[in-house]
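*Asks:*
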Amino acid sequence: MIKVSEDAKKKISALMSEEGYDSIQDFVRVGVKSGGCSGLSYELKFDKAKAEDDKLFEDNDVKIVVDKRSVLYLAGTILEYSGGLNGKGFVFNNPNAQRTCGCGESFSL
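Numbered per UniProt numbering, the sequence shown finishes at 109, counting up by one with no gaps.
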């Protein structure tokens with residue numbers, strides 16, 4: 001469902017540890033909400049609880065939960081991390097997005 005690159009895995013693990021989460025048992029919550037310059041924007045945060053209607057995925061030893069509404073928007077997405085001087089941070093490579101904004105944080109179908 002959602003793939004996690006090696007760089008994203010390393011950054012997620014480090015950030016979870018910094019923020020008091022356990023990367024082995026806690027989750028990365030990924031979702032889509034209305035907003036942004038292209039109509040829909042991505043949400044990414046850490047969570048300790050899984051809701052009843054959440055879908056759980058695991059890739060590259062990262063547990064990801066996605067709410068039921070966001071699953072269709074995110075199918076096939078690859079979560080990557082780009083650091084350095086020109087890095088954008090976390091990047092969603094979403095094959096379902098027909099248009100994205102310049103910052104890469106919002107998209108439309």
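Using N, Cα and C, we set each Cβ at its ideal position, and we do this for glycine too.
Here the structure is a predicted model, which means the values were calculated and not measured.
Is it the case that the segment 58–65 contacts the segment 84–95, given that we only count it when at least three CB pairs across the two stretches are under 8 Å?
*Replies:* Output reads no: the segment 58–65 does not touch the segment 84–95.
*Asks:* Could you check how far apart the C-beta atoms of S5 and E80 are, in whole angstroms? I think they sit under 8 Å.
*Replies:* S5 to E80, Cβ: 4 Å. Contact.
*Asks:* Report the rounded CA-to-CA distance for G31 versus E18, giving the unit in angstroms.
*Replies:* Going from the Cα of G31 to the Cα of E18 covers about 22 Å.
*Asks:* Which residue from G89, R29, I12 puts its Cα closest to that of S23?
*Replies:* Comparing Cα-Cα distances from S23 to each of G89, R29, I12, the minimum goes to I12.
*Asks:* Relative to the C-alpha of K45, which candidate in F57, N93, L72, Y21 has its C-alpha closest?
*Replies:* The shortest C-alpha separation from K45 is found at Y21.
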